[in-house]
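Working notes for the structure below.
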Amino acid sequence: MIVAERKKIPELLNIVKAHKKILVLGCGTCVTVCLAGGEREVGIISSALRIASRLQGIDLAVEELTIERQCDNVFIEQAADAIERNDAVLSLGCGAGVQAIAERYRNKPVYAGLDTTFIGILEEQGIWTEKCAACGSCVLHEYGGVCPVTRCAKRMLNGPCGGSREDRCEVRPELPCAWQLIYARLKEIGQIDRLRQIAPPKNWHRSLDGGQRLVVRQDHRI
Ligand code: SF4
Ligand code: SF4
């Protein structure tokens, strides 16, 4: 899932304070699961904004709404009336959701209420970890399912850098060395011979550099 974090209330108030009526718009998918932008957080942030604005003498009305998915036009439609009757939208969706709303309602300012952080999983209660940097050309099958792009601080693709101590990364000692994990995993699944193969230079042309990426499925085009 996409993992995001809430911006702080003073920052949010600063973003919206020029408006009289705002809609705080939550998203019921990834950001709900990571406790950043679902219905519960919409309620908390809206209440906090009402209190903070009152304390500062700012005239601000805050409406609350959460739709199932902000990155999908089918669901965005459900917010149409609420968006129209407010001066601006404070979106608690991920960056894709914020932009989807902004593209659909071109006469409304749409602001990001979250910092979209990474693609990851819930590791344990209250802790999310990054698992994928969406590099566009997945090599997980070569590394026992442990991503060296995301989990190795130096993105080493042909073995460890040599700086690890015990099983710790030299750059981030609080984290295990990704190559320790890759080695252990390949051993577990009987694929340790993969370590003898030299990985060719990775194809980065589908990674973040070079502007917006897109995926086209001709078989789904009309
Ligand atoms: S190799 Fe790329 S696509 Fe695959 S998990 Fe790692 S960052 Fe994500
Ligand atoms: S110690 Fe391991 S995880 Fe850290 S940079 Fe070196 S190879 Fe990568």
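Here my numbering is used: the first residue of the sequence shown is 374, the next is one more, and so on.
We treat Cβ as the ideally placed atom computed from N, Cα and C, and that holds for glycine.
This one's a predicted model, so the numbers in the text were calculated from it and none came from an experiment.
- Taking 8 Å as the cut-off, the C-beta of Cys403 does not count as close to any heavy atom of ligand 2.
- If you draw a straight line from the Cα of Cys542 to the Cα of Ala425, it comes to about 42 Å.
- DSSP assignment within the region 477 to 562 yields the following whole beta strand (DSSP E) runs of 3 residues or more, N-terminal first: 483 to 485, 487 to 497, 500 to 505.
- Annotation for Val376 indicates a beta carbon at 8 Å or more from all heavy atoms of ligand 1.
- Short note on Arg567: C-beta not closer than 8 Å to any heavy atom of ligand 2.
- Annotated three-state conformation of Leu433 is coil, per DSSP.
- Counting only the Cα atoms, Leu548 lies some 30 Å from Ala485.
- Per DSSP, the continuous alpha helix (DSSP H) segment holding Ser419 begins and ends at 412 to 428.
- The C-alpha of Leu428 lies about 16 Å from the C-alpha of His392.
- With contacts defined by Cβ atoms closer than 9 Å, Leu422 and Ile474 do not form a contacting pair.
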